[in-house]
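J.:
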Amino acid sequence: MSLLTRRRLLRRAALSATAAGAARTGLAGATLAGTAAVAVSGCDSPPERNTDADPDGGLRFPDGFGWGAATSAYQIEGAAKEDGRGESVWDTFSHTPGRTRNGDTGDVAADHYHRYAQDLDLMRELGLRSYRFSISWPRIQADGSGRPNQRGLDFYRRLLDGLHERGIAPMATLFHWDLPQALQDDGGWENRDTAERFADYADAVFRALGDRVPAWLTINEPKTVVQNGYIWGHHAPGHRDEAAAYLVAHHLQLAHGLAVQALRASGASGRIGPALNLHPCYPADDSAEAAAATRLYDGYENRLYLDSVFKGAYPQDVLADLGPDSRMVRGVRDGDLKIISSPVDLLAVQYYTPIYVTGGGGTVRKWPTSEAEWQQIYPEGMYDILTRVTRDYGRVPITITENGLPCPDTPGPDGTVDDAGRVSFLRDHFAAAHRAVRDGVPLESYHVWSLLDNFEWAEGYDQRWGLVYVDYASQRRVLKRSAHWYREVIRRNGL
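Per our numbering, residue -14 is the first one in the sequence shown, and the count goes up by one each step.
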């Protein structure tokens, strides 16, 4: 791999949508080198931004729009060693000294495994119409293969039944980064066989729970696994091996396609699609060099995943940049792209930040950031990425499965949590999504990240992303100001 390619990969990884750990682990210099100075906006005093919503609202979404919230298994469930659950790469990673802030782990997290009924009642209180969650692979197959663990399946069956009883539509993600450690010991996503094991796991889940789940998501943010797990190393499995990174990307895409095929073969009636974190990429200036660099950057950030799913081909500029001897290019077999492009029913889009690319292939910052220093607050990017997907890939139904920001949430003297900045952030992004719907984007639902404060990967419990405040010592839940506001949005079906 050329030095130029290596530098490009490292620069791309620095802006991954969950790359907050870079600033903490001594990589901040590499992440921020050459970036423009920008003010960091506190959540209590958000910057003024233009939207097409007036202060009193007035934007109605289509009837039946699926207002929801999202979580993931390792971030909220806890019960790490209960009822036959096996070890995941995140158990190993978080228990390795120096990997997470304060040495935090997901052993207990928000204790959702034991408190799911209480959390379901909170969802009903909020008026949620949809709940996006993930199934823990090691809770279903402790070592990533073999007969499924009935106790694990029973937990998700109880959760699903509780959602249906409360009139909330389930949206289940099969893989949200918690790979069974036994599979990692055999090579993890560098091993093509892991994609086959994923298909077996997916088939077992479809056959056990398929009658209760109307919408399935396959792989959550494959790009984040590639960049944060295999280039920067500040996510599990903690590797820094750019030569392996894009082979991992291919096997994750292959696993997605195999899971789609498994759903069709199982006879389950639910819809299925991938969950991709998409970053709109813009030239940092008007130069031809910036335009060319942005096109390639976009190839790695977006088209690598979108083109393979919807066009059955990887983008040629990315393949050329990687080179014919790259492990990814050599790892693609005849028929793989046909599997990856197995027809899907929906696309889950996760939007957090834009990227601005210089003529030299670096990046600059144009907008204020949240507490997560990688996140530039730019609602217009939501509109741009949604309309771009519809323009370039057709009218595939879209669901937003993650959008939100962390705030320094602390209960006041009266016990309430006033996260005014989150309200402003969500209002602006909802308005951008509404404009995309008005301009023809087939957007069906919107899931705020996150329902609960939770274990935020390498950042541990220092960042709070939830609509609901969690006191981790007591596991007490408190609806934040944003939760009360969101309840009214849902009731009115708009702003």
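Glycine included, each C-beta is placed from N, C-alpha and C at the ideal position. Keep in mind the model is a prediction, meaning the values are calculated, not measured.
So, with DSSP's three-state summary, where would you put Y337?
T.: Three-state result, Y337: coil.
J.: With H224 as the anchor, note down where its beta strand (DSSP E) starts and where it stops.
T.: Per DSSP, H224 belongs to no beta strand (DSSP E) and is neither H nor E.
J.: Is the beta carbon of T158 sitting closer than 8 Å to the one on F191?
T.: no
J.: What is the DSSP secondary structure of N262, reduced to helix, strand or coil?
T.: strand
J.: What does the alpha-carbon distance come out to for the pair G223 and R45?
T.: 44 Å
J.: Using the beta-carbon count (16 or more within 10 Å), is S272 buried or exposed?
T.: exposed
J.: Return helix, strand or coil for F410, following the three-state DSSP convention.
T.: helix
J.: Mind checking who Q361 pairs with in its DSSP beta bridge?
T.: T354
J.: Could you tell me the distance, in whole angstroms, from the CA atom of L390 to the CA atom of Y267?
T.: 21 Å
J.: Anyone know if the C-beta pair for Q238 and P199 falls short of 8 Å?
T.: no
J.: Is the Cβ-Cβ distance between P398 and Y363 less than 8 Å?
T.: no
J.: Thinking C-beta only, is L194 closer than 8 Å to L138?
T.: yes
J.: Jot down the residue ranges of each uninterrupted alpha helix (DSSP H) in the stretch 298 to 323, minimum 4 residues, whole runs only, in chain order.
T.: 301 to 307 and 312 to 316
J.: Of all the options R449, W52 and Y337, which has the alpha carbon lying nearest to the alpha carbon of Y368?
T.: Y337
J.: Between the alpha carbons of G112 and N388, how many angstroms are there, rounded?
T.: Their backbone Cα atoms lie some 18 Å apart in a straight line.
J.: Run through DSSP, which three-state label would H419 get?
T.: Here H419 carries a helix assignment [DSSP, helix/strand/coil].
J.: According to DSSP, which residues form a beta bridge with G342?
T.: One point to set straight first is that residue 342 is Val, not Gly, in the sequence displayed. Answer is P268 and T348.
J.: What are the uninterrupted segments assigned as alpha helix (DSSP H) that are 4 or more residues long and contained completely in the stretch 57 to 105, given in chain order?
T.: 58 to 61 and 74 to 79
J.: Quick check on E429: does DSSP put it in helix, strand or coil?
T.: strand
J.: Below 6 Å CB to CB, which residues in the same chain sit around W470 once its five sequence neighbours on both sides are set aside?
T.: V408
J.: Give the secondary structure of R256 by DSSP, where H, G and I count as helix, E and B as strand, and everything else as coil.
T.: strand
J.: Output the residue ranges of the alpha helix (DSSP H) runs that lie fully inside the stretch 140 to 224 and measure 4 residues or longer, sorted by chain position.
T.: 166 to 170 and 178 to 194
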